[in-house]
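Student: Protein chains in written order, with our numbering: chain A, 1 to 319; chain B, 1001 to 1319.
Sharing a structure here in structure tokens format.
2 protein chains.
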Amino acid sequence: MDKKELLACHERIKPYVHHTPVMSSSLINDQLGCSVFFKCENFQRAGAYKIRGATHAILHIPEGRRKKGVVTHSSGNFAQALSLAARSLGIPAHIVMPETAPSIKKAGVHTYGGTIYECAPTVEAREAMSAEIGQKTGATFLHPSNDDHVILGQGTAALELLFEHPGLNAIFCPVGGGGLIAGSALAAAYFGKDCAVLGGEPFEADDAYRSMLSGTIEGNDTVNTIADGLKTVLGDRNFPIIQAHVSKIVRVTEMEIVEAMRLVWERMKIIIEASSAVTLAALIRDVSDHPNHYKGKAIGIIISGGNVDLDKLPFQKLG
Amino acid sequence: MDKKELLACHERIKPYVHHTPVMSSSLINDQLGCSVFFKCENFQRAGAYKIRGATHAILHIPEGRRKKGVVTHSSGNFAQALSLAARSLGIPAHIVMPETAPSIKKAGVHTYGGTIYECAPTVEAREAMSAEIGQKTGATFLHPSNDDHVILGQGTAALELLFEHPGLNAIFCPVGGGGLIAGSALAAAYFGKDCAVLGGEPFEADDAYRSMLSGTIEGNDTVNTIADGLKTVLGDRNFPIIQAHVSKIVRVTEMEIVEAMRLVWERMKIIIEASSAVTLAALIRDVSDHPNHYKGKAIGIIISGGNVDLDKLPFQKLG
């Protein structure tokens, strides 16, 4: 996964993904005392950055095998992204989802042409059914975050952000399965000028924070967080990259997540999901802890997605 | 209000307003069978197009008098816009608001530096207090929609849209007090190529629809609509322009407004207020009534604003 491969990945997926805009808010800049550049992957196809990695991973499957399709287990944005990427490339996508997955997520997969297979809501059941589908159909299994091609693909959002704003002093990413932050860390290492990479994570699912401390991949006993995209744990492909290149994981409370989400919705008029708000919340907390460190700096934030259930918004609970 | 004046207005307000982006959605285009270009004034300063007209009107007050400030009565976006425009130009803004106005609206005016004066919730009380403040302070009264300079200013959103997409076949605007649609109609008449202008209005506040039929300015007995920016009635400055240049007012139900709002929030990931959703709802209804008329056409939509109260969203009621 060197510099050349990241650039080649970007060129290769370009026809299949949006080049998303970078937005800013003078109010947020004034409030934080630094310039914040939001890379808006909520405007990406299927509403999240995941299509970048999904497309890149599919393109790396040799053509004969590629025709037989792809299979994954995911209840979130990767399921929708893989379905849409597969459709764009003319191949079938088999999506294993727990029978308990919200109907809105199933509808999303259905919209983008994926075939849903329901299974019991356990990791074992998901893995068994994915393997079975792979054997039956010849479809290639793709992991949402622990795959080199996926990691490189996810890194292209930060790459585009750095092309537009080469002087960024830091980039903040949410940390779920680790694909986005690992890819962003590679992009910053290769194309940034002393550009630090920091992660945002809920206190309620702080496995990456603890993994960085212990040096081994840690799990979560409970995941009582509104940031439903960040409940997953790191993998052996992305963790070493994160260890090498990510300077800090900043943890935030559920209240801080909802407040950051409200700030963006109200002031920037864009819809971001809770998992994306974690990243701004982490920046706000770190600026509050180290104000001098951020004064006048240029900070990038990857807004990872905008897929929310409008029937279940968190704002009223605060009021 | 000729072509030259509209261009001069645009040049004059440029330093004080955002050039907002134009967005589109392939899903909405596929659904409607035409290409829809959304002019995103929800990203405008103070969250709505109103700052365009407010700024232009202030700039036309002779300098000696301008210093004494401006006064208006408004409980909506114009109050915030005038406050911000006045602050940008270094003069005071006096805003008369009914004591019943939601605290979120008062907070908005306060944020942008306007001084709030509370009065009884009647038109007479608002007008009396505005006149009194004008006499006491020397502030110039500005009407939110029935003022030539305001009308020209509001027309610059459609002007920018036409500069980017000169081949538009039609532009849809919401119709409240009539300033936006009158200004847009002038822009389309001067810079469009056979570009029709259509209005969107709630059935529950269809004064403009009835005014077009009767040929005189009609009022509303009741205004039970979620589109709180469209409860006002036309004025003698903008009505003749609307009569001359607007081809049709399309009325929509409250359910259609909420569905259009949900469509934009879910698919485009941008926050638009109900008054803006009226415009898309009107297009959807007119396409449904006259599908052949719209096939393959290029349609502009002015998204007028994005100021919503996140504690009072309409989506759950539908579910």
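For glycine and all other residues, C-beta sits at the position ideal for the given N, C-alpha and C.
Since this is a predicted model, take the numbers as computed values, not measurements.
(1) Below 8 Å CB to CB, which residues in the same chain sit around His1060/B once its five sequence neighbours on both sides are set aside?
(2) Report the three-state DSSP secondary structure of Glu99/A (helix, strand or coil).
(3) Using a Cβ-Cβ cut-off of 8 Å (strictly less than) and excluding sequence neighbours within five positions of Arg126/A, which residues of its own chain qualify?
(4) Determine whether the beta carbon atoms of Ile1028/B and Arg1267/B lie at a separation below 8 Å.
(5) Listed in chain order, which residues of the stretch 1250–1267 of chain B have Cβ atoms closer than 8 Å to some Cβ of chain A?
(6) Counting along the chain, where does the alpha helix (DSSP H) carrying Leu198/A start and finish?
(7) Which chain A residues sit within Cβ distance under 7 Å of Phe1315/B?
(8) Closest by CA to Trp265/A, which one among Asn1042/B, Leu1198/B and Val1036/B?
(9) What ranges does the alpha helix (DSSP H) occupy inside the stretch 1135–1201 of chain B, keeping only unbroken runs of at least 4 residues that lie completely in it?
(10) For Gly1047/B, return the contacting residues in chain A, with the cut-off set at a CB-CB distance below 8 Å.
(11) Do Phe1078/B and Gly1178/B come within 8 Å of each other at the CB atom, strictly closer than that value?
(12) Using alpha carbons as the reference points, say which of Lys1269/B, Arg1251/B and Glu1063/B lies closest to Cys1173/B.
(13) Use the C-beta contact count for Lys193/A: other C-beta atoms within 10 angstroms, 16 or more gives buried, fewer gives exposed.
(14) Please go through the stretch 1237–1312 of chain B and give each complete beta strand (DSSP E) segment of 3 or more residues, from N-terminal end onward.
(15) Within the 8 Å Cβ cut-off, does Asn29/A reach chain B?
(16) Could you spell out where the beta strand (DSSP E) holding Tyr1117/B opens and where it closes?
(17) Report yes if the C-beta distance between Tyr49/A and Ala208/A is below 8 Å; otherwise report no.
(18) For a contact meaning CB atoms closer than 7 Å, what does Gly1306/B contact in chain A?
(19) If contacts are defined as beta-carbon pairs under 8 Å, then Val70/A and Ile91/A qualify, I think. What distance do you get, rounded to the angstrom?
(20) List, in chain order, every chain B residue whose beta-carbon is nearer than 7 Å to that of Phe43/A.
(21) Alpha carbon to alpha carbon, how far is Ile104/A from Phe1315/B?
(22) Have a look at the DSSP bridge pairing and note the partners of Cys40/A.
(23) In whole angstroms, give me the CA-to-CA distance for Asp1311/B and Gly33/A.
(24) Check Ser83/A in the structure and name its three-state DSSP category.
(25) If you follow the alpha helix (DSSP H) that His19/A is in, where does it begin and where does it stop?
(26) Using a Cβ-Cβ cut-off of 6 Å (strictly less than) and excluding sequence neighbours within five positions of Ile151/A, which residues of its own chain qualify?
(27) Using CA coordinates, which residue listed in Val22/A, Met23/A and Ile302/A is at the minimum distance from Ala187/A?
(28) Would you call Pro1144/B buried or exposed, if buried means 16 or more other Cβ atoms sit within 10 Å of its Cβ?
(29) Going by the CB atoms, is the gap between Gly176/A and Ser26/A shorter than 8 Å?
(30) Helix, strand or coil for Ser320/A? Go by DSSP, reduced to three states.
(31) Based on Cα-Cα distance, which residue from Ala1008/B, Leu1168/B, Glu1132/B and Ser1083/B lies nearest to Tyr1036/B?
(32) So, at 6 Å on beta carbons, what are the nonlocal neighbours of Val1223/B in its own chain, with the 5 sequence-adjacent residues on each side left out?
(33) Please report the distance separating the alpha-carbon of Glu1254/B from that of Pro1202/B.
(34) Assuming the contact rule is C-beta atoms closer than 8 Å, Val1278/B and Gly1200/B should be a hit. Round their C-beta distance to whole Å, please.
(35) Between Asp1221/B and Val1109/B, what straight-line distance do the alpha-carbon atoms span, to the nearest angstrom?
Tutor: The short version:
(1) His1149
(2) coil
(3) His73, Val96, Pro98 and Cys119
(4) yes
(5) Arg1262, Trp1265 and Glu1266
(6) Segment Ala196 to Pro202 is the beta strand (DSSP E) holding Leu198/A; no alpha helix (DSSP H) there.
(7) Leu310 and Asp311
(8) Asn1042/B
(9) 1148–1164 and 1179–1191
(10) Lys269
(11) no
(12) Arg1251/B
(13) exposed
(14) 1246–1252 and 1298–1303
(15) no
(16) Thr1115 to Cys1119
(17) no
(18) Lys269
(19) 7 Å
(20) Lys1269
(21) 15 Å
(22) Ile303/A
(23) 28 Å
(24) helix
(25) Careful: His19/A lies outside any alpha helix (DSSP H) and carries neither H nor E.
(26) Gly179, Ala182, Gly183 and Asn238
(27) Ile302/A
(28) buried
(29) no
(30) The question about residue 320/A has no answer, for chain A in this structure spans 1 to 319.
(31) Residue 1036/B is actually Val in this sequence, not Tyr. Cα-wise, what sits closest to Val1036/B is Leu1168/B.
(32) Ala1205 and Lys1231
(33) 7 Å
(34) 4 Å
(35) 28 Å
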